Every structure is written in C-alpha cells, then in structure tokens.
Amino acid sequence: MTNPAEYIKGIHHLTVSVGSAQEDIDFVTQVLGMRMIKQTVLFDGAASIYHLYYANADAEVGSVWTTFPFKKAGVHGRRGSGQIETSSFSVPTDSLEFWVKHLKNHGVENSGIIERFGQKMITFEDRSGIGMAVVGEDNDHRNAWQTDEISKENGIRGIFGATIRTRDIIEMDAYMTKMLNFKKVGHDGNFHRYHIKNGGAMKTIELHHVPDMEQGSWTFGVGIPHHIAFATEKDEHNLELKAYIEGFGYTDVTELKDRNYFHSIYNRTPSGVLFEYATSDIGFAIDEPADLLGHQLLLPPVFESRRSEIVKPLEAIQLPKYLNK
Numbered sequence: 031m032t033n034p035a036e037y038i039k040g041i042h043h044l045t046v047s048v049g050s051a052q053e054d055i056d057f058v059t060q061v062l063g064m065r066m067i068k069q070t071v072l073f074d075g076a077a078s079i080y081h082l083y084y085a086n087a088d089a090e091v092g093s094v095w096t097t098f099p100f101k102k103a104g105v106h107g108r109r110g111s112g113q114i115e116t117s118s119f120s121v122p123t124d125s126l127e128f129w130v131k132h133l134k135n136h137g138v139e140n141s142g143i144i145e146r147f148g149q150k151m152i153t154f155e156d157r158s159g160i161g162m163a164v165v166g167e168d169n170d171h172r173n174a175w176q177t178d179e180i181s182k183e184n185g186i187r188g189i190f191g192a193t194i195r196t197r198d199i200i201e202m203d204a205y206m207t208k209m210l211n212f213k214k215v216g217h218d219g220n221f222h223r224y225h226i227k228n229g230g231a232m233k234t235i236e237l238h239h240v241p242d243m244e245q246g247s248w249t250f251g252v253g254i255p256h257h258i259a260f261a262t263e264k265d266e267h268n269l270e271l272k273a274y275i276e277g278f279g280y281t282d283v284t285e286l287k288d289r290n291y292f293h294s295i296y297n298r299t300p301s302g303v304l305f306e307y308a309t310s311d312i313g314f315a316i317d318e319p320a321d322l323l324g325h326q327l328l329l330p331p332v333f334e335s336r337r338s339e340i341v342k343p344l345e346a347i348q349l350p351k352y353l354n355k
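Taking this note's numbering, the leading residue of the sequence shown gets 31, the next gets one more, and so forth.
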C-alpha cells in the first residue's frame with residue numbers, strides 16, 4: 031500500500047496577499063518577468079478581491095505564483111513568525127549578476143549575491159513587503175517567459191522553494207519529516223533545509239528558526255503571505271492524504287475544495303503556516319485557450335450569475351501589453 035505522503039510531488043504554487051492589483055501586475059510582469067496566466071477572484075468570503083496568477087512560459091504546475099491584492103479592501107496584517115518569510119524563484123546561477131542590476135534599475139533594494147547551503151541567491155521584497163529571492167539552480171530546465179528586459183536565458187524557470195519562519199522548530203520538523211517524509215539535509219545557522227524527494231527546484235523547503243519573534247497574522251492582508259501549495263495528482267490521492275494527516279492528530283484538515291483549476295485540501299501546520307495540497311490533473315486551460323491565458327476576467331460557473339456585482343468593486347487594471355494584442 032502506498033504511503034499517502036508519496037503522493038506529494040513538489041510545490042504546486044505559492045500564494046500571497048499584496049497591495050494594489052496594478053502595482054502587483056507591474057512588479058510581477060516587469061520586475062520578475064513572469065507570464066500573467068489568469069485573472070479571477072478570491073473564492074472565499076464576501077468581498078470582491080482579485081486572484082491573479084503568474085507562471086513560466088508553459089504555465090506549469092510548480093511555476094505558479096498567485097496573489098490577492100487587498101489594498102483597496104483596506105485589509106492589513108502583521109508580519110512575524112508562523113509565516114512564509116521568503117518565496118524563491120529558480121534562475122541560472124550565471125544570471126545572478128544580471129538580476130542584481132535589473133533589480134537596481136527598478137529601484138528594488140536587494141541583498142546582492144549571498145550564499146546559503148552553498149547556493150547563491152539574491153533576496154528582496156516586492157512593493158508590499160513580500161519577501162522574495164532568486165536562487166541559482168542550474169539543474170532547472172523549465173521554459174522561462176521572455177520580456178523586453180529579461181531574456182529567456184536569464185528568466186525565472188519557476189518556483190524554487192519557500193522559507194518558513196517558526197518559533198518552535200521541533201514540532202514543525204516532525205510534521206515534515208515523520209509525516210510528510212521530507213528529508214532534512216542540513217542547517218546553515220538558524221536555517222534548516224528539507225528536500226521533497228530529491229530536492230532542487232520545486233522541492234526545497236527551509237525553516238528559519240526565530241524563537242524570539244512574535245506570532246504574525248494568519249489572515250489575508252497587504253504584505254502577508256498566505257500559503258504553500260504542494261502538488262498531488264488527483265482527488266483520490268488528496269482524500270487519502272486527508273485521512274492520513276488526520277490520523278497523525280492534525281484534525282483541522284479541510285474538506286476537498288473546488289478551485290476551478292485544481293481541487294485541494296488545507297491544513298494548518300505546527301509552525302502556523304498554511305499548507306495546501308492541490309491536484310495537477312485539471313490545469314489552467316479549462317476556461318480559455320492555452321495561448322490566450324490571462325486575457326480576460328474569468329469567474330467559476332457558480333459565480334457567473336453575479337458577475338456585475340462581483341466585478342463592480344474591483345480595481346481598474348491595465349494588463350501587460352502582450353495581453354492586449
């Protein structure tokens with residue numbers, strides 16, 4: 031019998047709450063150089079909030095970065111422990127010099143090229159304070175999106191991993207190693223690294239032990255990361271995984287939720303960070319052609335009858351020029 035933890039293939043996507051929608055679109059498409067692949071809305075709660083999706087050239091699972099712009103709603107949170115500290119993106123190591131200059135050209139303060147676990151990276155923040163990094167990973171051969179400023183050779187291949195702040199590392203280590211079968215591969219100061227299967231791009235998680243940091247918000251809010259989603263294959267695997275996680279005593283696992291482009295379950299981890307387990311068998315081309323992803327605001331069928339009500343409060347946005355062709 032297969033251990034349900036083996037159904038986890040790597041990272042599916044990362045999701046954060048940001049400031050304004052336009053500011054986010056401009057930063058992700060111009061500074062990060064990612065492809066905008068979906069305009070939709072937050073499916074939870076009563077407020078009208080965009081849910082924007084970005085990815086690499088092929089819109090692959092494991093390259094997807096999604097955002098909830100909360101500035102217009104006036105919702106803020108507090109940064110602290112129990113949150114994603116850094117969402118990291120995979121680029122070729124020899125492109126890092128380019129990235130230092132590119133970030134500087136856009137007025138983005140950054141760490142310069144630093145090294146952790148023997149791997150070179152650059153850390154920085156987006157306009158709303160979300161922690162980010164580009165990490166040199168030469169074994170990632172996914173297809174980067176190309177922009178006027180960022181060549182395909184220098185571009186982001188997809189998600190590399192995420193770093194989690196946690197006050198208590200013992201229980202979170204047990205959650206990841208004993209239950210999820212992630213492999214701890216070492217520590218570098220207060221940073222502890224774990225691999226999903228063989229590690230590398232899409233398969234690297236770090237814990238940053240911050241025992242004296244106060245707990246941050248778990249809510250939506252400007253500048254507050256929301257969750258890490260891990261890729262599974264299909265509903266049946268998620269249902270087995272749900273029962274498996276509950277069997278360890280983590281009984282706050284949600285029912286299977288329909289997110290239109292995938293189905294998922296959620297579980298609050300001992301660190302406080304929310305983990306999602308999302309299927310990979312549906313995809314982003316179910317409601318618009320693969321070569322036209324991101325061109326229009328799309329709602330799930332259950333929301334379509336309320337389109338005018340939902341769309342009216344949304345911030346007016348200007349899409350990247352390639353979507354207006």
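For each residue, glycine too, the CB sits at the ideal point set by N, CA and C.
These figures come from a predicted structure and were not determined experimentally.
Quick one: any contact between the stretch 290-300 and the stretch 56-64, if contact means 3 or more CB pairs under 8 Å?
-> no
Rounded separation between residue 171 and residue 213 - CA only | Position 141 of the sequence shown holds residue 171. Position 183 of the sequence shown holds residue 213. Distance between the alpha carbons of residue 171 and residue 213: 23 Å.
Residue 126 lies in the alpha helix (DSSP H); which residues open and close that run?
-> Stepping through the sequence shown from its first residue, residue 126 is reached at position 96. Where residue 126 is concerned, the enclosing alpha helix (DSSP H) stretches over 126-135.
Sub-7 Å separation of residue 91 and residue 42 beta-carbons | Here residue 91 is taken as the residue at index 61 of the sequence shown, counted from 1. Here residue 42 is taken as the residue at index 12 of the sequence shown, counted from 1. Contact flag set, yes.
Kindly confirm or deny that the stretch 240-252 and the stretch 105-124 touch, where touching means at least three C-beta pairs closer than 8 Å.
-> yes
Considering only residues of the same chain and omitting the five flanking positions on each side of residue 96, which have a CB-CB separation below 6 Å?
-> In the sequence shown, the residue the question calls residue 96 occupies position 66. For residue 96, where only same-chain residues beyond five positions count, the Cβ hits under 6 Å are 43, 45, 83.
Figure out for me which residue from 48, 38, 57, 50 has the closest Cα to the Cα of residue 350.
-> Stepping through the sequence shown from its first residue, residue 350 is reached at position 320. Comparing Cα positions, the closest option is 57.
When 302, 249, 307 are compared against residue 275, the one with the closest alpha-carbon = Working through the sequence shown from its first residue, we reach residue 275 at position 245. When only C-alpha atoms are compared, the closest one is 307.
Three or more C-beta pairs closer than 8 Å, one from the stretch 214-233 and one from the stretch 174-194: is that the case here?
-> yes
Can we say the stretch 124-134 touches the stretch 173-186, given the rule of at least three CB pairs closer than 8 Å?
-> yes
Cα-Cα separation between residue 302 and residue 249, rounded to whole angstroms | Indexing the sequence shown from 1 puts residue 302 at position 272. Indexing the sequence shown from 1 puts residue 249 at position 219. Taking the straight line from one Cα to the other gives about 11 Å.
Specify the secondary structure class of residue 236 as computed by DSSP and reduced to three states.
-> To locate residue 236, count along the sequence shown from 1; it is residue 206. Residue 236: strand per DSSP, three-state reduction.
The stretch 251-269 contacting the stretch 102-109, beta-carbon criterion three pairs below 8 Å | yes
With a Cβ-Cβ cutoff of 7 Å, do residue 157 and residue 53 count as a contact?
-> The sequence position of residue 157 within the sequence shown is 127, counting from 1. The sequence position of residue 53 within the sequence shown is 23, counting from 1. Their beta carbons are under 7 Å apart, which means residue 157 touches residue 53 by this criterion.
Backbone CA spacing between residue 138 and residue 132 [nearest angstrom] | Against the sequence shown, residue 138 aligns to sequence position 108. Against the sequence shown, residue 132 aligns to sequence position 102. Looking at the two C-alpha atoms, the distance is approximately 9 Å.
Alpha-carbon to alpha-carbon, residue 81 and residue 316 | In the sequence shown, the residue the question calls residue 316 occupies position 286. In the sequence shown, the residue the question calls residue 81 occupies position 51. If I take the Cα positions, the gap works out to 17 Å.
Looking at the structure shown, is residue 309 part of a helix, part of a strand, or coil, going by DSSP?
-> Within the sequence shown, residue 309 is the residue found at index 279, counting from 1. Correct three-state label for residue 309: strand.
Sheet register partners of residue 72 (DSSP bridge) | In the sequence shown, residue 72 corresponds to position 42, counting from 1. Answer is none; residue 72 lacks a bridge partner.
How long is the line joining the alpha carbons of residue 347 and residue 270, rounded to whole angstroms?
-> For the purposes of this step, residue 347 is taken as the residue at position 317 of the sequence shown. For the purposes of this step, residue 270 is taken as the residue at position 240 of the sequence shown. C-alpha separation (whole angstroms): 41 Å.
Just the C-alpha distance for residue 75 and residue 148, rounded to the nearest angstrom, thanks.
-> Along the sequence shown, one-based indexing puts residue 75 at 45. Along the sequence shown, one-based indexing puts residue 148 at 118. Cα to Cα, residue 75 sits roughly 43 Å from residue 148.
With a 10 Å radius around its C-beta and 16 neighbouring C-beta atoms as the bar for buried, classify residue 223 as buried or exposed.
-> For the purposes of this step, residue 223 is identified with residue 193 of the sequence shown, where counting begins at 1. By the 10 Å Cβ count, residue 223 comes out buried.
Excluding five sequence neighbours on each side, which residues of the same chain lie with their C-beta closer than 8 Å to the C-beta of residue 145?
-> Here residue 145 refers to the residue found at position 115 of the sequence shown. 151.
Three-state secondary structure assigned by DSSP to residue 97 = As a first step, residue 97 is located in the sequence shown; it is residue number 67 there, counting from the start. If DSSP states are grouped into helix, strand and coil, residue 97 belongs with the strands.
Compare the C-alpha of residue 200 against each of 143, 237, 155 and name the closest.
-> As a working note, residue 200 is residue 170 in the sequence shown. It is 237.
Burial state of residue 278 (16 or more Cβ within 10 Å) | Locating residue 278 in the sequence shown gives position 248, where the first residue counts as 1. So residue 278 ends up on the exposed side.
Are the CB atoms of residue 78 and residue 86 nearer to each other than 7 Å?
-> Taking the sequence shown and counting its residues from 1, one reaches residue 78 at position 48. Taking the sequence shown and counting its residues from 1, one reaches residue 86 at position 56. Their beta carbons are not under 7 Å apart, which means residue 78 does not touch residue 86 by this criterion.
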